[in-house]
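In the numbering used here, the protein residues as written are 12 to 486.
Every residue gets a Cβ at the ideal spot worked out from N, C-alpha and C, and that includes glycine.
These notes are about the structure you will find just below.
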Amino acid sequence: MTLRLHDTAARETRDFAPLVPGRAGIYVCGLTVQSEPHVGHVRSAVNFDVLRRWLAASGYEVDFIRNVTDIDDKILAKSAEQGVHWYALAAAMKRELDKALAAINVLPPTYEPGATGHVPEIVELIEQLVARGHAYAAEDGSGDVYFDVRSWAAYGELTRQKVEDMEPAGDADPRGKRDPRDFALWKGHKKESEPATAAWPSPWGPGRPGWHIECSAMAGKYLGPAFDIHGGGVDLRFPHHENEQAQSRAAGRPFASYWLHNAWITTAGEKMSKSLGNSMLIPSVLERVRGIELRYYIVAAHYRSHVEFSFEALDEAAKGFRRIEDFLERAGGVLGGAVPADGIWCADFVAAMDDDLGTPAAVAAIHDVVREGNKLLAEGGDERALRGNAASVRAMLDVLGLDPADEAWAAAASDDRLTDVVDVLVRGLLAERAAAREAKDWARADAIRDQIKSAGLEVEDTSTGPRWTIIQGSV
RNA sequence: GGUGGGUUGGCCGAGAGGCGAGGCAACGGACUGCAAAUCCGUCUACACGGGUUCAAAUCCCGUACCCACCUCCA
């Protein structure tokens, strides 16, 4: 069984053949830390986290680099608007992002480089491009350096566009450009409008990196001139990725073998970045569902499918996930403790994941095993089969970053000691209810159950006695 | 103007010539003191118009509508 990935550059799903057997180098364009993360932002992170986990689970040693763009026009503009230092804004938003990603169990990358920390590498790359005749310093004294689109015949190959059909780049004063489509590699410092802290020395005078160059420089530094997979959101295909590839290849670096792009999450047909209000911001969404449920919602859709975000769909996904979770919990009860995590992946799951990360089918495969497990649970008896079944569910969930027993969720979950306290209190009430039931005083028994429910706990009678759980969404 | 991606049941969402997606909701049954949970069953769709084929959501032609990108974007 080979992993197949949809390469957006080739426009086809191809067998994944790593440059070095057993190893996978991945570069993903992370966020420009300019505002609070919303559902759309974290989708990309989850999608590539699943890729990374599946590769690792399949036996690859994965180098996963996800950058942070910590300086650009927007950060400068927003910080000026808010009257804060640009680096303060970037750092604050970075912390928000980290918090949001931790809440949905996105593993930290192998390394997370930032643009501002790689100015020497960026300058070196630009120098290579100038030396090879693919970049030039603007002749208008602005200190800008541009990539010469006309000098690179393959320009447009990633998105199959002809240079003549493109609209001009608006990233700088066009007077300094040889061609309006040339884009900035280096932006000369604008003394009158930009803070002195937003400039670094360079052979072309003080300035800062253009938008695309940092990814080429950092991918080259950490993954080498050629690496396996480059990922990001669809919107980045052009200009960002097109330009990254042009810059890198023009500098003699083969760059990425495969390009993966995740689709958008929109709200009512609108991009999330344009949506008004902050109901789609991660902290706000996490008031409604738990992080694991949000992750399930994202994973249940294929990464290349456009998702129309709705709270109704989110709630439904959460219910679907709880079905899996409930099974594990009940199986754990029967098995006398935690369900082991060493189960095997079922064949459907593996086939789904190998087929361009077919997470919807993978989720369906998990549900199938859950149904089998529920059947075993209902029949009672075959503990060995149940153990294998439940362990299999856990193992598959783990690949998707959705194992409820994963310690990563513990930080976000309620305090264990508090759970113990509640358990003691509820057990007292349940003993009373048991006595009432014994006496067939159903009114009294139901009153106690209602009382517990009004506190936000659900009581269920099972073959092994009553069990209480927190009603999700009630707190 | 150029480049891509879509349109599937009440809802969410896969699939890519013949075979059950899956979840949620709804309804019926089993179980239960009643519930809950669970199991079983029911509802069974592919934007539209043609065509190819023994067989089409799936392939071909055409039409409509939607979305993204074309230098701020995950």
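Mind checking which residues open and close the beta strand (DSSP E) that includes residue i?
i	result
leucine 468	468-473
valine 73	72-77
aspartate 18	15-18
alanine 148	146-148
Cutting at 6 Å between CB atoms, please list the residues of its own chain near residue i, excluding the five before and the five after it.
i	result
arginine 161	Asp190
arginine 63	Val73, Phe75
proline 351	Ala402
aspartate 367	Arg15, Leu16, His17, Thr24
serine 55	Gly244, Asn273
glutamate 469	Thr480, Ile482
alanine 230	Tyr38
phenylalanine 27	Leu14, Leu16
alanine 396	Leu387
alanine 126	Thr80, Asp81, Ile82, Pro220, Glu225
tyrosine 308	Leu325, Ala328
By Cβ distance, which residues of its chain are closer than 7 Å to residue i, with the 5 residues on each side in sequence left out?
i	result
tyrosine 122	Ile76, Tyr233
alanine 111	Pro48, Val53, Ile293
proline 265	Pro236, Ala237
glutamate 383	Asn400
threonine 475	Gly344
methionine 177	Arg192
lysine 173	Gly167
Can you list, in chain order, the residues of its chain with a C-beta nearer than 8 Å to that of residue i? Leave out the 5 residues immediately preceding and following it.
i	result
lysine 105	Val44, Val79, Asp81
aspartate 417	Asn116, Asp409
alanine 311	Ala328, Gly331, Thr370, Pro371, Val374
Measure the alpha-carbon distance for residue i versus residue j and round it to whole angstroms.
i	j	result
aspartate 246	histidine 272	9 Å
asparagine 58	phenylalanine 360	17 Å
aspartate 461	glycine 412	35 Å
proline 477	lysine 464	13 Å
arginine 171	tyrosine 269	15 Å
histidine 223	glycine 154	17 Å
tryptophan 163	glutamate 150	20 Å
valine 381	asparagine 400	8 Å
histidine 317	glycine 51	11 Å
alanine 358	serine 321	32 Å
glycine 167	arginine 333	46 Å
glycine 467	serine 295	21 Å
glutamate 443	alanine 349	29 Å
glutamine 256	glycine 218	23 Å
aspartate 434	isoleucine 459	15 Å
aspartate 353	arginine 398	10 Å
arginine 405	glycine 343	11 Å
alanine 195	aspartate 379	52 Å
glycine 369	histidine 313	6 Å
methionine 291	valine 437	36 Å
glycine 347	isoleucine 133	57 Å
leucine 287	glutamate 107	Because the pLDDT of leucine 287 is 49, which lies under 50, any placement of that residue in the model is unreliable, and the number read from its coordinates should be weighed accordingly. Approximately 19 Å, taken between the alpha carbons.
glutamate 175	cysteine 40	27 Å
proline 415	glutamate 319	26 Å
asparagine 254	alanine 20	13 Å
aspartate 452	glutamate 394	35 Å
In the DSSP assignment, find the alpha helix (DSSP H) that holds residue i and state where it starts and stops.
i	result
threonine 370	370-390
alanine 419	418-421
arginine 488	The question about residue 488 has no answer here: the residues shown for the chain are numbered 12 through 486.
aspartate 190	Element bounds for aspartate 190: n/a, residue is neither H nor E.
alanine 396	394-410
isoleucine 303	302-310
tyrosine 122	No alpha helix (DSSP H) contains tyrosine 122, which DSSP labels as neither H nor E.
glycine 94	Segment: none, glycine 94 is in no alpha helix (DSSP H) and carries neither H nor E.
isoleucine 355	It is not in any alpha helix (DSSP H) - isoleucine 355 carries neither H nor E in the DSSP assignment.
alanine 126	Per DSSP, alanine 126 belongs to no alpha helix (DSSP H) and is neither H nor E.
isoleucine 293	293-296
serine 259	253-261
Check the DSSP bridge columns for residue i and list the partner residues they point to.
i	result
glycine 480	In the sequence on display, residue 480 carries threonine and not glycine. Answer is Glu469.
tryptophan 197	Val156, Pro220
asparagine 10	As displayed, the chain neither begins before 12 nor continues past 486, which places residue 10 out of reach and without an answer.
valine 44	DSSP, once it has assigned bridges, lists no residue as partnering valine 44.
arginine 34	Glu72
phenylalanine 332	Its beta-bridge partners do not exist; DSSP assigns none.
valine 318	Ile276
tryptophan 211	Gly218
threonine 170	Per DSSP, none; premise fails for threonine 170.
aspartate 414	In DSSP, aspartate 414 forms no bridge with anything.
**Request:** Count the C-beta pairs between the segment 202-213 and the segment 239-253 that are closer than 8 Å, then say yes if the count reaches three, no if not.
**Result:** no
**Prompt:** Any contact of the segment 338-354 with the segment 381-392, i.e. 3+ C-beta pairs under 8 Å?
**Reply:** yes
**Item:** Sufficient close CB pairs (3 or more, under 8 Å) joining the segment 128-143 to the segment 198-205
**Value:** no
**Asked** Okay, do the segment 295-307 and the segment 322-329 touch, 3+ Cβ pairs below 8 Å being the bar?
**Response** yes
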